[in-house]
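Visitor: Remember, the working numbering sits 7 above the position in the sequence shown when you count from 1.
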Amino acid sequence: MRERFFIGFAILFVILLVAGMRVVNDSLEGGGILPRLFLSQVVPGPNEALYGVTPSSGTFNVNDTFQVDLRVSSSEGVTSIKAYLDYDPSLIAVTSMGSSSSAFPTWWEDTFDNTAGKLKFLASAPTPGFIGNNGLIAQITFRAMGEGTASLMYDATSLALKPNDTNILNIAGSTTGTYTIVGLPDADPSVRSNGVPNGTLPAGTISTSISLATDENAVCRYALTAGVAYGSMTNTLSTTGGTSHSATVTGLSDGGTFSYFVRCQDEVGNANTTDFLIEFSVAEAGQPSDTTPPSRADGAPTGTLASGTTLSSVSLTTDENATCRYATGAGVSYGLMTNFFSVTGGTSHSNTVSGLSDGNIFSYYVRCQDGTGNANATDFLIEFRIASPPPPPSGGGGGGGGGGGGGGSTASGGGTLKGDCNRDSKVNIFDLSILLSSWQRVASACDLNGDGTANIFDLSILLSNWTR
8 MRERFFIGFA ILFVILLVAG MRVVNDSLEG GGILPRLFLS QVVPGPNEAL
58 YGVTPSSGTF NVNDTFQVDL RVSSSEGVTS IKAYLDYDPS LIAVTSMGSS
108 SSAFPTWWED TFDNTAGKLK FLASAPTPGF IGNNGLIAQI TFRAMGEGTA
158 SLMYDATSLA LKPNDTNILN IAGSTTGTYT IVGLPDADPS VRSNGVPNGT
208 LPAGTISTSI SLATDENAVC RYALTAGVAY GSMTNTLSTT GGTSHSATVT
258 GLSDGGTFSY FVRCQDEVGN ANTTDFLIEF SVAEAGQPSD TTPPSRADGA
308 PTGTLASGTT LSSVSLTTDE NATCRYATGA GVSYGLMTNF FSVTGGTSHS
358 NTVSGLSDGN IFSYYVRCQD GTGNANATDF LIEFRIASPP PPPSGGGGGG
408 GGGGGGGGST ASGGGTLKGD CNRDSKVNIF DLSILLSSWQ RVASACDLNG
458 DGTANIFDLS ILLSNWTR
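1. When the Cα atoms are used, what is the spatial distance from residue 75 to residue 459?
2. With DSSP collapsed to three states, give me the class of residue 180.
3. Any idea which residues DSSP pairs residue 199 with across the strands?
4. Please confirm whether residue 360 and residue 318 have their CB atoms less than 8 Å apart.
5. Excluding the 5 residues preceding and the 5 following residue 385 in the sequence, name in chain order all residues of the same chain whose CB lies nearer than 6 Å to its CB.
6. Work out the CA separation of residue 64 and residue 331 for me, nearest whole Å.
7. DSSP three-state label for residue 211, please.
8. Residue 238 by DSSP, collapsed to three states: which one?
9. Distance check for residue 457 and residue 131, CA to CA, integer angstroms please.
10. The beta strand (DSSP E) that contains residue 283, what's its start and end?
11. For residue 464, is the classification buried or exposed, using 16 other Cβ atoms within 10 angstroms of its Cβ as the cut-off for buried?
12. Do you know offhand how far residue 425's Cα is from residue 367's?
13. What does DSSP give as the partner residue(s) for residue 461 in the beta ladder?
14. Short of 8 Å in beta carbon distance, which residues of its chain neighbour residue 481, apart from the five on each side in sequence? Order them along the chain.
15. How about the stretch 213-228 and the stretch 88-100: do they share at least three Cβ pairs that are nearer than 8 Å?
16. Starting from residue 365, trace the beta strand (DSSP E) both ways and give me its first and last residue.
17. What three-state label does DSSP hand residue 103 in the structure shown?
18. If contacts are defined as beta-carbon pairs under 8 Å, then residue 388 and residue 250 qualify, I think. What distance do you get, rounded to the angstrom?
19. Alpha carbon to alpha carbon, what distance is there between residue 209 and residue 354?
20. For residue 142, which three-state DSSP category applies?
21. Should residue 443 be labelled buried (16 or more other beta-carbon atoms within 10 Å of its own) or exposed?
22. Would you report the Cα separation of residue 211 and residue 290, rounded to the nearest angstrom?
23. Taking C-alpha atoms, which residue in 270, 128 and 445 lies nearest to residue 114?
24. Can the beta-carbon of residue 101 be found closer than 8 Å to that of residue 167?
25. So, under 8 Å CB-CB, residue 146 and residue 105 are touching, yes? Tell me the CB distance rounded to an integer number of Å.
26. With distances taken Cα to Cα, identify the nearest neighbour of residue 376 among 352, 394, 89 and 392.
27. CB residue 286 to CB residue 257, shorter than 8 Å?
28. Return helix, strand or coil for residue 73, following the three-state DSSP convention.
29. Taking DSSP as the reference, what is the three-state secondary structure of residue 245?
30. In chain order, what residues of the same chain lie with their CB nearer than 7 Å to the CB of residue 277, ignoring the 5 residues before and after it?
31. In whole angstroms, what is the alpha-carbon distance linking residue 452 and residue 91?
32. For residue 142, count neighbouring Cβ atoms within 10 angstroms of its own Cβ and tell me buried if that reaches 16, exposed if not.
33. Output needed for residue 243: all residues of its chain with C-beta closer than 6 Å, excluding positions within five of it in sequence on either side, in chain order.
34. Considering only C-alpha positions, which residue in the set 397, 119, 137 and 120 is nearest to residue 56?
35. Please state whether DSSP places residue 29 in a helix, a strand or coil.
36. Under DSSP, the beta strand (DSSP E) around residue 127 begins and ends at which residues?
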């Protein structure tokens, strides 16, 4: 009796083990074991197909890229799929698609439109078609474009057809995507520009207003010497906190040059680590000789240049004829600067700089020397940023993984134009007549998706190319 018990227990264990292995094998059909263990299992009901996206949710920073797999699970063989998906292109944009590893080898359409926010996939597989869980349709790479909650939804015209042309797609039960897009933390300090006054003020001037602008709200301070950290500056401009900043300075005198070294801090605490120089002189009647270095002003460009800019002209003016040079780091004396302006020697100075790239700030520290050898002992900062890249243009298909979008098969019916059943280089009423006359027949000239019969999926392909 005891021996029979152990034999029965062993048989039951083997049956359960085999059954368990079959369940695991079914759930892993169509791909390697390890990747599938991490897929959310979408299990269809009887005579049903479901679409799903993996991952179906996530949080990404603006400018991040992320990949989404579009998959199908079906309890019956599916020979043709039509998966149209909608998204908000202000939040996410498609950068590329790939279908080389798709369960559907023959492709009729794989396009995206980042203006309308539309993905279109039309593909087919030979009879008996795909049956199982998590069969790959395509892989889509998105870029996060703007803050918000982005949804990836199925168009109501989406289909999943059996060999007999029956649509078994349950759109309502299919898994959609919801992705949270958050902004990158602001790590850049304010860009400063338009410092005034400059040049030479009239003799007798004992006070004046100094001012500058920033590209974002900020609080600006100044020092009378170079290299003072923002936190150590004790002079705050009296009008500040927005993008226009000013203060009245006193103690000016004839024949002097006055320099104010400005740094600003934005609302999230990013402070400038370099000086922005506002410098001018006050005239003195009958001054016997020139001992004053040139005053510099009108530095350009400022603010933000367009994405894709790789070179730009930098320029400034001086209040007297001078020769100007620049460095890419602060505090380099005029005599040690090795970068010369290509246009200089007068009062307008310019040079073309290269090596610019999207999303970065570029700073150039300028010093000039006049004809009597008076060189600036302080930097004049020309600073600007290049914008981050815009959304990618709308585009079509495939790519990725070698042969995405084509799947290695050619379309039947009508030569090079899909739907041109009579090969007259047009898709029109004559082709429609041929399709309808061979409806549900095998080996039809209008079997456009290659599933063995002329059916509603072929009609969809023909109509999508009408009059081309």
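Every residue gets a Cβ at the ideal spot worked out from N, C-alpha and C, and that includes glycine. None of these values were measured; they are calculated from a predicted model.
Guide: Working from what's here:
1. 31 Å
2. coil
3. 221
4. yes
5. 233, 266 and 284
6. 55 Å
7. coil
8. helix
9. 7 Å
10. 283-289
11. buried
12. 47 Å
13. 446
14. Nothing about residue 481 can be reported from this structure: the residues present for the chain run from 8 to 475 only.
15. no
16. Unbroken run through residue 365: none, as it is neither H nor E.
17. strand
18. With a Cβ gap of about 17 Å, residue 388 and residue 250 do not count as contacting.
19. 19 Å
20. strand
21. exposed
22. 8 Å
23. 128
24. no
25. 5 Å
26. 352
27. no
28. strand
29. coil
30. 193, 194, 195 and 196
31. 26 Å
32. buried
33. 228
34. 137
35. Its pLDDT being 40, under 50, residue 29 is placed unreliably by the model, and the measurement read from it follows with that caveat. Residue 29: helix per DSSP, three-state reduction.
36. 125-131
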